[in-house]
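Colleague:
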Amino acid sequence: MIEVKQSKLGDGEFNRGVFATVDIPKGQLIHQAPVVPYPNEDHEHVEKTILEDYVFEYGANHTAILLGYGSLINHSYEPNATYDINFENHTFDFYAYKDIKAGEEVLINYNGEEDNMDPLWFLDDYEERMRELNEADERNDENGEDNESSSKDA
1 MIEVKQSKLG DGEFNRGVFA TVDIPKGQLI HQAPVVPYPN EDHEHVEKTI
51 LEDYVFEYGA NHTAILLGYG SLINHSYEPN ATYDINFENH TFDFYAYKDI
101 KAGEEVLINY NGEEDNMDPL WFLDDYEERM RELNEADERN DENGEDNESS
151 SKDA
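Right, dumping it as structure tokens:
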């Protein structure tokens with residue numbers, strides 16, 4: 001159903017991504033990625049390695065390294081896949097958020113919610129986008145507006 005191939009999204013050393021080998025209908029389970037969780041206080045050790053770029057939040061007190069294809073699925077603000085954390089099975093379960101055609105790259109929003117447009121730490125315009133969001137939040141505070149709905153429009 002899925003395979004790892006070269007992705008055109010990045011310009012890094014590896015440039016890998018996960019691609020559909022068959023048409024995948026919306027809602028279908030794509031992959032269950034087992035996790036290796038560790039306490040957040042141990043993250044300082046992982047930060048010193050390339051693994052820092054491949055970990056996910058796993059509840060309030062843990063971070064997880066995803067096995068299988070989970071950590072190779074790339075980011076998009078217009079994702080065609082989503083995931084649920086399955087704490088009972090210790091997996092991240094990836095589902096088609098939209099119909100995915102064979103040959104198409106499987107993409108998730110790294111912010112966790114499909115429509116969350118918050119800037120990501122690794123994007124070139126991260127600092128600029130964070131400044132814009134903070135300025136919008138400050139204006140909204142002054143005007144007594146709801147920050148959450150306003151920051152999504154930024």
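Residue numbering for the sequence shown follows UniProt numbering, starting at 1 and increasing by one per position.
By construction, the Cβ of each residue, glycine as well, lies at the ideal position given by its N, Cα and C atoms.
#1: Classify residue 45: buried if its beta carbon has 16 or more other beta carbons within 10 angstroms, exposed otherwise.
#2: Write down the C-beta distance between residue 109 and residue 71 rounded to the nearest angstrom, noting that I regard them as a contact closer than 8 Å.
#3: Just to check my reading of the structure: residue 65 and residue 83 have Cβ atoms closer than 8 Å, yes? What is that Cβ distance to the nearest angstrom?
#4: Taking just the CA atoms, how far does residue 6 sit from residue 15?
#5: According to DSSP, is residue 105 helix, strand or coil?
#6: Taking 7 Å as the limit between beta carbons, can you name the residues of its chain near residue 40, skipping five residues before and five after?
#7: Short check: CB of residue 80 to CB of residue 96, under 8 Å?
#8: Between the Cα of residue 100 and the Cα atoms of 25, 32, 88, which residue gives the shortest distance?
#9: Closer than 8 Å by C-beta to residue 3: which residues in its own chain qualify, once you throw out the five before and the five after it? Chain order, please.
#10: Within a Cβ cutoff of 8 Å, which residues of the same chain sit near residue 68, ignoring the five residues on either side of it in sequence?
#11: Below 8 Å on the Cβ atoms is my contact criterion, and I expect residue 107 with residue 73 to pass it. Report the Cβ-Cβ distance as a whole number of Å.
#12: From 23, 94, 78, pick the residue whose C-alpha is nearest to that of residue 116; which is it?
#13: When DSSP builds the beta bridges, which residues end up paired with residue 17?
Modeller: On the basis of the supplied data:
#1: By the neighbour-count rule (16 or more Cβ atoms within 10 Å), residue 45 is not buried but exposed.
#2: Not really, about 15 Å apart at Cβ, beyond 8 Å.
#3: Not a contact, Cβ separation roughly 15 Å.
#4: Spanning the alpha carbons of residue 15 and residue 6 requires a straight line of approximately 6 Å.
#5: For residue 105, the secondary structure class from DSSP, reduced to helix, strand or coil, is strand.
#6: Spatial neighbours of residue 40 in its own chain (CB-CB distance under 7 Å, excluding positions within 5 residues in sequence) are listed in chain order as 61, 62, 63.
#7: In this structure, residue 96 lies closer than 8 Å to residue 80 by Cβ.
#8: Residue 25 is the option with its Cα nearest to residue 100.
#9: 18, 19, 21.
#10: So the qualifying residues of the chain are 31, 32, 33, 34.
#11: Contact flag correct, Cβ pair sits at about 7 Å.
#12: It is 78 whose Cα lies nearest to the Cα of residue 116.
#13: The partner list for residue 17 (beta bridge, DSSP) reads 5.
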